[in-house]
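S.K.: Mind looking over this structure? Questions follow.
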Amino acid sequence: MEFLSYLISGISLGSVYAIIALGYTMVYGIAKMLNFAHGDVIMVGGYISFCAMNYLGLPSIVAVLLAMAVCTVLGVVIEGLAYKPLRSAPSLAVLITAIGVSYFLQNAAQLIWSAAPKVYSPVVAGSLSLLNGQLTIPYVSLLTVVVCLVIMAGLTLFTSQSKLGKAMRACSEDKNAAQLMGINVNATISTTFAIGSALAAIAGVLLCSFNGTLMPTTGSMPGIKAFTAAVFGGIGSIPGAFLGGLLLGIIESMAKAYISTNLANTIGFAVLIVVLLVRPAGLLGKYVPEKV
Amino acid sequence: MKKLTIKRTTRTDFITYLGVIVAFLIMMFLRDQGVLNRSLTGQLVPICCYISMAISLNLTVGILGELSLGHAGFMSVGAFSGIITAMSLQSTIPYTPLRLAVAMVVGAIFAAIAGIIVGVPVLRLRGDYLAIVTLAFGEIIKDLINCLLVGYDSNGLHMALNLTGSKSITDLNLQPDGIAIIKGAQGATGTTTIASFTAGFVLVMITLVIVLNLVRSRTGRAVMAIRDNRIAAESVGINVTKYKLIAFVTSAALAGAAGALYGLNFSSLQATKFNFNTSILVLVFVVLGGLGNIWGSVIAATVLTILPEALRGFDDYRMLIYAIVLILVMLATNNSQAKALLGRIIPKRKGAETNG
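Protein sequence lines correspond, in order, to chains A and B.
Our numbering puts the first sequence at residues 17 to 308.
Our numbering puts the second sequence at residues 1375 to 1730.
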């Protein structure tokens, strides 16, 4: 029974990672950049929903929608101001800019909301009791898993069926060829950032509900871990990000329960290293041989 | 009359050495005159460490062309092994500068070992995958040292890993004369600070000599050939793994020495000091200074370590301004339009290199 409850907590945490990783993977796939500011967009999403619920007294669903709207705008603005001018710059320059944006968001949040942690009450209260109360599952955990599955299915459908989704895939394969086919590459990349940031807002709400606290640095570690998860599953692949996130969450939860509380992250990262050594492109990634 | 000609690279190298020496003498003079304020004096040793870190990371990122996001991990290994060495040898080597030197060498050796452990399997990966593994390595090192308990007494060194959070320093069963060196999450406390600005200067000079000579040597040319085109380099018979490993391990060892000096500059040091943000900080020095440009790293490390201090007047807004400056500098130096604009204002130097 104990095992089952750890497993459920792992799956729920893993689903949060998976949602973040989906945003990471989409942006990486199309812009070929490691968006280190993604974790901080999550944090902004958390704060917006927190303010909407606690200061404005809005119902949680409205708060989530508001957070999504703000983060979408934020993502597009960041992309337009900081990343778009660097389209043709070396990838390291874009990486450092992303880090600059990350510092900026963290410090701005610290100025606006102060560094002290805020208590975040879950968007959905209560828990489901099973097997005569031996096993309790918070509704938030269930919600997280469902939301994650819906997002995964939605994104898969979107990228494979819709015109915009196909344009995204075309851009991620070959930007010049896509442009020749009449695809507006810049607009497509901006849309990707918008979707990624909206996902980050949802992830922010779920992450804060899971953790129960909110700080300006809330997003950075989950951001790094979700990035790990995306690499784990094969970066650029949507099912890969889902699988990677889920596995990372479960490994972390199990390691915390059975091996060591202090080394949970270490074990997750160690598994990542081993996986990458065996499968250098990640679990579901495609290995592309170099051409001379 | 035969004109004395020196190669351009050699000239640049000598100017770099000279610049560092002059800067050191000026700083020494200013410090002795009491012109420098307290916060800047306290920054002198960390600046030397960061310069050394930036130069060594430049070897990996700029010369070898592999993105490493875990350089602080090597610094951490060097710092804590250096602290353990210096604290254990307190009675054996009473002469402080020698003890500091030994600690730095030990720090470098341990960091080099860590470099080999990480490098051998990982250098097969490419690009962003290597970046994520080095990042993971940095986090692993941080967590492991956070669990580490080390003490020293007349029976020698005692070590334990605090895996479940239940152990404390008393579990090491130290003799009454023993000293606790590393106390888990509290880190190393009560360290005798033996670092000095002169040692920092020597470290920077040694780092410069090693890296510049490596870059200008046959090995360095092989490393750069791998960076520019791995397949072509392989086809002319360059042993890719060997040269990658040489560059990577040298870089790790230098970071270890810098870490040891850094660790011995503070009486209290936690493993969380060397987290992902520190790795990124050093990477920022390297990229802003110019990839592969050694003296650029020196200047960027110095300016960017002083900048947050100089911005202290802005109080809470200081890191915000730092972030904005960082973004603006990256935009100004990498955007083609901004570059064209700058080019019109400042005429291009003759034969100026384009830094990636």
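Every residue, glycine too, gets a C-beta built ideally from N, C-alpha and C.
For clarity, every value in this text was computed on a predicted model and none was experimentally measured.
1. Compare the C-beta of residue 86 (chain A) against all C-beta atoms of chain B and say whether one is closer than 9 Å.
2. In whole angstroms, give me the CA-to-CA distance for residue 50 (chain A) and residue 1549 (chain B).
3. Looking at the unbroken beta strand (DSSP E) that takes in residue 154 (chain A), where does it start and where does it end?
4. Quick check: the Cα distance between residue 1725 (chain B) and residue 1382 (chain B), rounded to an integer number of angstroms?
5. Applying the criterion that 16 or more other CB atoms from any shown protein chain within 10 Å of the CB defines a buried residue, is residue 132 (chain A) buried or exposed?
6. Excluding the 5 residues flanking residue 19 (chain A) on each side, which residues of the same chain have their C-beta closer than 6 Å to its C-beta?
7. Check distances from the C-beta atoms of the segment 1632 to 1655 of chain B to those of chain A and list, in chain order, the residues that come in under 8 Å.
8. Would you say the segment 286 to 299 of chain A touches the segment 258 to 267 of chain A, given that touching needs at least three Cβ pairs under 8 Å?
9. Counting C-beta neighbours from all protein chains within 10 Å, is the total for residue 1465 (chain B) 16 or more, i.e. buried, or is it exposed?
10. May I have the straight-line CA-CA distance separating residue 197 (chain A) from residue 46 (chain A), to the nearest angstrom?
11. Is the segment 54 to 69 of chain A close to the segment 231 to 242 of chain A, with three or more CB pairs under 8 Å?
12. Output, in chain order, the set of chain A residues within a Cβ distance shorter than 7 Å of residue 1710 (chain B).
13. Count the other C-beta atoms from every protein chain shown that fall within 10 angstroms of the C-beta of residue 189 (chain A), then say buried if there are 16 or more, exposed otherwise.
14. On the three-pair Cβ rule with 8 Å, is the segment 156 to 170 of chain A touching the segment 94 to 113 of chain A?
15. With respect to the alpha helix (DSSP H) encompassing residue 1406 (chain B), which residues constitute its N-terminal and C-terminal limits?
16. Buried or exposed for residue 1388 (chain B), going by 16 or more other Cβ atoms inside 10 Å?
17. Could you check how far apart the C-beta atoms of residue 181 (chain A) and residue 250 (chain A) are, in whole angstroms? I think they sit under 8 Å.
18. Listed from N- to C-terminal order along the chain, which residues in the segment 1531 to 1545 of chain B have their beta-carbon within a distance smaller than 8 Å of any beta-carbon of chain A?
19. Using the beta-carbon count (16 or more within 10 Å), is residue 148 (chain A) buried or exposed?
20. So what does DSSP say about residue 135 (chain A), is it helix, strand or coil?
21. Would you kindly work out how many angstroms separate the C-alpha atoms of residue 191 (chain A) and residue 201 (chain A), rounded to a whole number?
22. Please confirm if residue 119 (chain A) has its CB atom under 9 Å from at least one CB of chain B.
23. Compare the C-alpha of residue 225 (chain A) against each of A:178, A:85, A:245, A:142 and name the closest.
24. Relative to the C-alpha of residue 1636 (chain B), which candidate in B:1409, B:1416, B:1410 has its C-alpha closest?
25. Given 8 Å as the limit, tell me if residue 277 (chain A) has its C-beta closer than that to any heavy atom belonging to the ligand PLP.
26. Anything in the segment 260 to 278 of chain A with a Cβ closer than 8 Å to a Cβ of chain B? List those residues in chain order, please.
27. Below 9 Å between beta carbons: does that hold for residue 1483 (chain B) and residue 1524 (chain B)?
28. Taking 9 Å as the threshold (beta carbon to beta carbon), is residue 1598 (chain B) in contact with chain A?
29. Mind checking whether residue 1578 (chain B) and residue 1668 (chain B) have CB atoms under 9 Å apart?
30. Along chain B, in chain order, which residues have C-beta atoms closer than 8 Å to that of residue 247 (chain A)?
31. Excluding sequence positions up to five away, which residues of its chain have a Cβ less than 8 Å from the Cβ of residue 240 (chain A)?
32. Going by C-alpha to C-alpha distance, which of B:1645, B:1527, B:1706, B:1520 sits closest to residue 1536 (chain B)?
33. From the DSSP output, read off the bridge partner residues of residue 1527 (chain B).
34. Tell me where the beta strand (DSSP E) around residue 1541 (chain B) begins and ends.
M.R.: A quick look at the data gives this:
1. So no, residue 86 (chain A) is outside the interface.
2. A direct Cα-to-Cα measurement between residue 50 (chain A) and residue 1549 (chain B) gives close to 51 Å.
3. 151 to 154 is the span of the beta strand (DSSP E), which, as asked, contains residue 154 (chain A).
4. In this prediction, residue 1725 (chain B) has a pLDDT of 44, which is less than 50 and means its spatial position is unreliable; what the coordinates show is noted afterwards. Rounded to whole angstroms, residue 1725 (chain B) to residue 1382 (chain B) spans 11 Å at the Cα level.
5. Answer is exposed; the Cβ neighbour count stays below 16.
6. Result list for residue 19 (chain A): empty, nothing under 6 Å.
7. Listed in chain order, the positions of the segment 1632 to 1655 of chain B with a beta carbon within less than 8 Å of a beta carbon of chain A are 1650, 1654.
8. Yes, the segment 286 to 299 of chain A is in contact with the segment 258 to 267 of chain A.
9. Exposed is the label assigned to residue 1465 (chain B), since fewer than 16 other Cβ atoms lie within 10 Å of its Cβ.
10. Their backbone Cα atoms lie some 16 Å apart in a straight line.
11. Contact holds: three or more Cβ-Cβ distances are below 8 Å.
12. What residue 1710 (chain B) touches in chain A: 104.
13. Counting Cβ neighbours within 10 Å, residue 189 (chain A) comes out exposed, since fewer than 16 surround it.
14. The answer is no - the segment 94 to 113 of chain A does not touch the segment 156 to 170 of chain A, with fewer than three Cβ pairs under 8 Å.
15. Note, residue 1406 (chain B): alpha helix (DSSP H), 1382 to 1407.
16. Residue environment: residue 1388 (chain B) is assigned as exposed (fewer than 16 neighbouring CB atoms within 10 Å of its CB, all protein chains considered).
17. Cβ atoms of residue 181 (chain A) and residue 250 (chain A) stay farther apart than 8 Å, at about 19 Å.
18. Flagged, chain order: 1536, 1537, 1538, 1539.
19. Burial call: exposed.
20. When DSSP states are grouped into helix, strand and coil, residue 135 (chain A) belongs to the strand group.
21. CA-to-CA, the gap between residue 191 (chain A) and residue 201 (chain A) works out to about 7 Å.
22. So yes, residue 119 (chain A) belongs to the interface.
23. Measuring from the Cα of residue 225 (chain A), the nearest candidate turns out to be A:142.
24. Residue 1636 (chain B) has its Cα closest to that of B:1416, out of B:1409, B:1416, B:1410.
25. The ligand content of the structure shown is nil, which means the ligand PLP is not present either.
26. For the segment 260 to 278 of chain A, which is checked against every Cβ of chain B, the residues closer than 8 Å are 275, 276, 277, 278.
27. In this structure, residue 1524 (chain B) does not lie closer than 9 Å to residue 1483 (chain B) by Cβ.
28. Chain A contact via Cβ: absent.
29. No, the Cβ-Cβ distance between residue 1578 (chain B) and residue 1668 (chain B) is not below 9 Å.
30. Result: 1502, 1503, 1506.
31. Taken in chain order, the residues that qualify are 55.
32. Of the listed residues, the one whose Cα sits closest to residue 1536 (chain B) is B:1520.
33. Looking at the DSSP output, residue 1527 (chain B) sits in a beta bridge with B:1530.
34. Segment: none, residue 1541 (chain B) is in no beta strand (DSSP E) and carries neither H nor E.
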